[in-house]
Every structure is written in C-alpha cells, then in structure tokens.
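Participant: Have a look at the structure that comes next, please.
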Amino acid sequence: MVPFLDLSRQANEVFPLLQEAFSKVLAKGVFVLGEELEAFEKEFAAFCGARHGIGVASGTDALILTLKALGIGPGKEVVLPALSAPPTAVAVALTGARPVFADVEITTGNVAPEDLEKKIGENTAALVVVHLYGKMANMPAILDIAERHGLPVVEDCAQAHGACLEGKGAGTWGIAGCYSFYPTKNLGALGDAGMVVTDDEALASRLRSLRDYGREDRDTLGSVGHNSRLDELQASFLRVKLRLLPHWNRRRREIANVYLEKLTGLPLGLPEFDSQNHSLHLFVLDTPRRDELKEHLRRRGIQTAIHYPLPLHLQPPFREASPPCPAAEEKAKRVLSLPLYPEMREEEIQATAAAVAEFYSRSGRENR
Numbered sequence: 053m054v055p056f057l058d059l060s061r062q063a064n065e066v067f068p069l070l071q072e073a074f075s076k077v078l079a080k081g082v083f084v085l086g087e088e089l090e091a092f093e094k095e096f097a098a099f100c101g102a103r104h105g106i107g108v109a110s111g112t113d114a115l116i117l118t119l120k121a122l123g124i125g126p127g128k129e130v131v132l133p134a135l136s137a138p139p140t141a142v143a144v145a146l147t148g149a150r151p152v153f154a155d156v157e158i159t160t161g162n163v164a165p166e167d168l169e170k171k172i173g174e175n176t177a178a179l180v181v182v183h184l185y186g187k188m189a190n191m192p193a194i195l196d197i198a199e200r201h202g203l204p205v206v207e208d209c210a211q212a213h214g215a216c217l218e219g220k221g222a223g224t225w226g227i228a229g230c231y232s233f234y235p236t237k238n239l240g241a242l243g244d245a246g247m248v249v250t251d252d253e254a255l256a257s258r259l260r261s262l263r264d265y266g267r268e269d270r271d272t273l274g275s276v277g278h279n280s281r282l283d284e285l286q287a288s289f290l291r292v293k294l295r296l297l298p299h300w301n302r303r304r305r306e307i308a309n310v311y312l313e314k315l316t317g318l319p320l321g322l323p324e325f326d327s328q329n330h331s332l333h334l335f336v337l338d339t340p341r342r343d344e345l346k347e348h349l350r351r352r353g354i355q356t357a358i359h360y361p362l363p364l365h366l367q368p369p370f371r372e373a374s375p376p377c378p379a380a381e382e383k384a385k386r387v388l389s390l391p392l393y394p395e396m397r398e399e400e401i402q403a404t405a406a407a408v409a410e411f412y413s414r415s416g417r418e419n420r
C-alpha cells in the first residue's frame, strides 16, 4: 500500500519536540491568548513577509472574520473562484453575503482574471482569491482589476504555506491572507487552527477584537464578535513545525520533481512550478481518463484523491442562483491527486510514478 497521506509519520518524527512544547505550556498554566500564540503570530507573519499575524480557531474562521472586519455582510456580494474546497464558499455565506462564482483557468484551476472581472457587480464588496493546490494565482492581474473597481482582495492561502510570487509571499498581495493549519496542510496543527496575516494595522486590531467576542478590554464589548482563538497548545506545536516547514517544502519539491521526471511525455497534464510560486501542497494530474487511472492505481495499492469533484457553483446550497462555469466543471472531471508529503518513502514515490506510467504504456499497447 502507498497511503495518500500518513500523518503519523510526521508526528513520530517530531514527537520529542512536541512533547517538550506540550510540557512547557502545561507548566505555565496559560492556555488561551498567551505567550506561545503571540510568539507564533510574530514568527508566522515574518515567514510570510507580513507585519501582523492574528491567530484564530480555523482557516474558515480566518476568512469569515476577515470579511466581517472589512464590513461585508447581508446585501453584499463576494466574487470567488468556482473551484476550491467548500469552506471558501461557506465562509462567504456565513457572513450573510452572497457568493458569486468566477470561472477558472483550465490549466491551473486558479481563478481566471477576465471572468473574475465579468462577475463584479454593483453589490460586489470584495474579491476572494484561492491559490489552488499551492500554486499562486495571477495576483498582478487580479490586483489591477481590484484597483480599478475599488475592491479589497482577500487571499485564501489554505494550501499555499511557503509559496510566493515575484518575491512576495502568499497572503501579502491583497489586504489580508487567510491560512488554515488543518492537520493535512503543509504546516498542520494537531487539530484545527488558522491565521490571518496583514500589513493593515487597523484591520489587525479589528480582527483581534472579533476573534475574542468583540472585546475592547476584558469587560467591555466594542462589537459582537466570535469565540475564535488559536489556543496555546496548538500555537506551541505550530512553532515547532514552522522551523521545519522550509525543509518539508523542499522535500515536497524533490518528490514532485521525481514525478515530473518519470511522467513527462505521457498524455496527461502535469503541474507547472518554479522554485517559488508553488508550495506543492498537492500534485494534481489532469487527464480525461481520470476514473480509469484512479481505479488502476487503486488496484496497485496506491491511494489517490480528487480535489475537487464538485465545483462550488454546483454545490446544492449555491446551485440555483449560479451561472455555469464551464472550465471549472471540465477541470473537476479530470483532476487526480497523487500522494505527496515529506515523509513518503523512496520506494513509494517510485512505485507511484511507475504505476502511472504503466497505465499509459498498457493503454498504448492495447490501442495498437
């Protein structure tokens, strides 16, 4: 068996460091809004190239609170890509705003700037951009559109830990970047956690209040907020892992390069990446024979996944009011994610690549 992801391998690798972090928090007796969170916020913001980091309970909350802090709610619309994980759309809907879905680039799956602009209307209050699979979206083009229409850009960076474009980190192009530290991410907690990074001091201040019920101080509410705080234990674990993230991301790139070397020339689409613009959160193939290939790999004991089989505009809560997004619909039928995580063993990498190559080699023989 080649597992799609085995989180226990990383946990065992860093167990002594996590145990030390746990003991440190336990000894202090402070579990919420303490020194560990403050330190992690500074360290992760610096890693991204931002001035402020605001730790929250999840990546979804990072999006919800950021949109609310920007004044977005009922009567407003937010334009976002049709191809992403459901939480991107759920976060918009939970503010009371209406999600409006833009189509994507058929090559990358990232939002297509030209369709993004077409979907802007008189009630549009913000643009949400997803760096899908870890590949940076076309931020210069998107920011040009946003500037012309006077709209803030919020980046969904849930898959983009460590990605950058033109020397600027994911999450530092728009007014804010929203990160998830769900356990499967490049930088994963041992539970749910998230963060907003921003250079905007006023926005950071509003977010710190909103994550803590809307407090101005311990006993006074300035607004009605949420209970959404990244706790001390998760912050301490994430501080340990952040030190290892550059190494883990390099390992992801090494594995991806093996796949590219073995699979280039086959009749399927492969991810494009350079030394910076892709965090390699996922290695996604594009093939019209996706289901056949998935079944072939299953028979060879290789687990795969589909990200994402149902585009957001076709999800039941949004389907009725959403126009077609043909590129997203086509992409969703063709994508297949191969195993890719730093703890993969060399024989697993080679077996996966060989099994994909075998599928096309066998198919070629059958068609002769």
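Numbering (our numbering), first residue to last: 53 to 420. Cβ coordinates follow ideal geometry from the N, Cα and C atoms, glycine included. This one's a predicted model, so the numbers in the text were calculated from it and none came from an experiment.
#1: Comparing alpha-carbon positions, which option in ARG150, GLY214, VAL156 lies nearest THR176?
#2: Output needed for SER136: all residues of its chain with C-beta closer than 8 Å, excluding positions within five of it in sequence on either side, in chain order.
#3: According to DSSP, which residues form a beta bridge with LEU132?
#4: Exposed or buried, what is LEU78 when buried is set at 16 or more other beta-carbons lying within 10 Å of its beta-carbon?
#5: So SER389 is in the beta strand (DSSP E); what residue range does that whole segment cover?
#6: If you run the structure through DSSP and keep just helix, strand and coil, what is GLU207?
#7: Does the Cβ of LYS293 have 16 or more other Cβ atoms within 10 Å, making it buried, or fewer, making it exposed?
#8: Could you name the residues of the same chain whose beta carbon sits closer than 7 Å to that of VAL82, not counting the 5 residues immediately before and after it, in chain order?
#9: How big is the Cα-Cα spacing for ALA114 and ASN279?
#10: Does the Cβ-Cβ distance between ARG263 and GLY274 come in under 8 Å?
#11: Buried or exposed: LYS187, going by 16 or more other Cβ atoms within 10 Å of its Cβ?
#12: Please state whether DSSP places HIS104 in a helix, a strand or coil.
#13: By Cβ distance below 7 Å, which residues in the same chain neighbour ARG260 in space, the five residues on each side in sequence not counted?
#14: Alpha carbon to alpha carbon, how far is ASP421 from ARG267?
#15: Identify whether ILE227 lies in helix, strand or coil by the three-state DSSP scheme.
#16: When the Cα atoms are used, what is the spatial distance from LYS383 to SER75?
#17: Below 7 Å CB to CB, which residues in the same chain sit around ILE307 once its five sequence neighbours on both sides are set aside?
#18: Specify whether the region 112-131 and the region 344-352 touch according to this definition: at least 3 beta carbon pairs, one from each stretch, less than 8 Å apart.
#19: Taking only the alpha-carbon atoms, compute the straight-line gap between LYS170 and SER110 and give it to the nearest angstrom.
#20: Contact defined as beta carbons within less than 8 Å: I believe ARG444 pairs with LEU85. What is the distance between those atoms, to the nearest angstrom?
#21: Using beta carbons (cut-off 8 Å, strictly below), is LEU337 in contact with chain D?
#22: Using the Cβ count rule (16 or more neighbours within 10 Å means buried), how would you classify LYS346?
#23: Restricting to runs no shorter than 4 residues, where is the alpha helix (DSSP H) found entirely within the region 338-366?
#24: With a cut-off of 8 Å on the beta carbons, I'd call LEU388 and VAL336 a contact; round off their distance for me.
#25: I'd like the list of long-range same chain contacts for GLU313, defined as Cβ closer than 7 Å, with 5 residues on each side in sequence excluded.
#26: Which full runs of the alpha helix (DSSP H) of 4+ residues lie inside the region 58-93, going along the chain?
#27: I need the straight-line Cα distance from VAL108 to CYS230, nearest angstrom please.
#28: According to DSSP, is ARG267 part of a helix, a strand, or is it coil?
#29: From the DSSP output, in three-state form, read off GLY186 for me.
#30: Got a sec, what are the start and stop residues for the beta strand (DSSP E) MET191 sits in?
#31: Between VAL310 and the rest of its own chain, which residues show a CB-CB distance below 7 Å, the 5 nearest in sequence each way excluded?
#32: What's the gap between the Cα of PRO394 and the Cα of LEU69?
#33: Compare the C-alpha of GLY317 against each of TYR412, PRO375, GLN211 and name the closest.
Facilitator: According to the structure data:
#1: Residue nearest to THR176 within the set ARG150, GLY214, VAL156 is ARG150 (criterion: CA-CA distance).
#2: So the list reads VAL182, LEU184, ASP208, TYR360, LEU364, once near-sequence residues are dropped.
#3: According to DSSP, LEU132 bridges with PHE153.
#4: Classification of LEU78: exposed, given that the 10 Å Cβ count is below 16.
#5: For SER389, the enclosing beta strand (DSSP E) has its first and last residue at 387-390.
#6: If DSSP states are grouped into helix, strand and coil, GLU207 belongs with the strands.
#7: By the neighbour-count rule (16 or more Cβ atoms within 10 Å), LYS293 is buried.
#8: Exclusion of the five residues before and after VAL82 leaves GLU284 as the residues of its chain whose Cβ lies within less than 7 Å of its Cβ.
#9: If I take the Cα positions, the gap works out to 12 Å.
#10: Contact: no.
#11: Around the beta carbon of LYS187, 16 or more other beta carbons lie within 10 angstroms, which makes this residue buried.
#12: If DSSP states are grouped into helix, strand and coil, HIS104 belongs with the strands.
#13: Here the set comprises ILE106.
#14: Residue 421 cannot be examined here, being either before or after the span of the chain that is shown, 53 to 420.
#15: Of the three classes helix, strand and coil, the one that applies to ILE227 here is coil, per DSSP.
#16: Cα to Cα, LYS383 sits roughly 47 Å from SER75.
#17: Excluding residues within five positions, the ones whose Cβ falls inside 7 Å are LEU392, MET396, ILE401.
#18: The answer is no - the region 344-352 does not touch the region 112-131, with fewer than three Cβ pairs under 8 Å.
#19: Straight-line Cα distance between these residues: approximately 31 Å.
#20: There is simply no residue 444 to check, as the chain begins at 53 and stops at 420 in what is shown.
#21: As a matter of chain content, chain D is missing from the structure shown, which is built from one protein chain.
#22: Buried, because 16 or more other Cβ atoms sit within 10 Å of the Cβ of LYS346.
#23: As far as the region 338-366 is concerned, its whole alpha helix (DSSP H) runs of at least 4 residues are 342-351.
#24: Indeed, because the Cβ distance is near 7 Å, the residues count as touching under 8 Å.
#25: Taken in chain order, the list of residues that qualify is empty.
#26: DSSP assignment within the region 58-93 yields the following whole alpha helix (DSSP H) runs of 4 residues or more, N-terminal first: 59-65, 67-80.
#27: Near 10 Å, if we compare the C-alpha coordinates of CYS230 and VAL108.
#28: The answer is strand: DSSP assigns ARG267 an E or B state.
#29: Judged by DSSP in its simplified three-state form, GLY186 adopts helix.
#30: Residue range 191-201 is occupied by the alpha helix (DSSP H) that includes MET191, with no beta strand (DSSP E) assigned at that position.
#31: Excluding five sequence positions before and after VAL310, the CB atoms of its chain that fall closer than 7 Å to its own CB belong to ILE401, ALA405, given in chain order.
#32: So the two alpha carbons sit approximately 18 Å from each other.
#33: Looking at the Cα atoms, TYR412 is the closest of the given residues.
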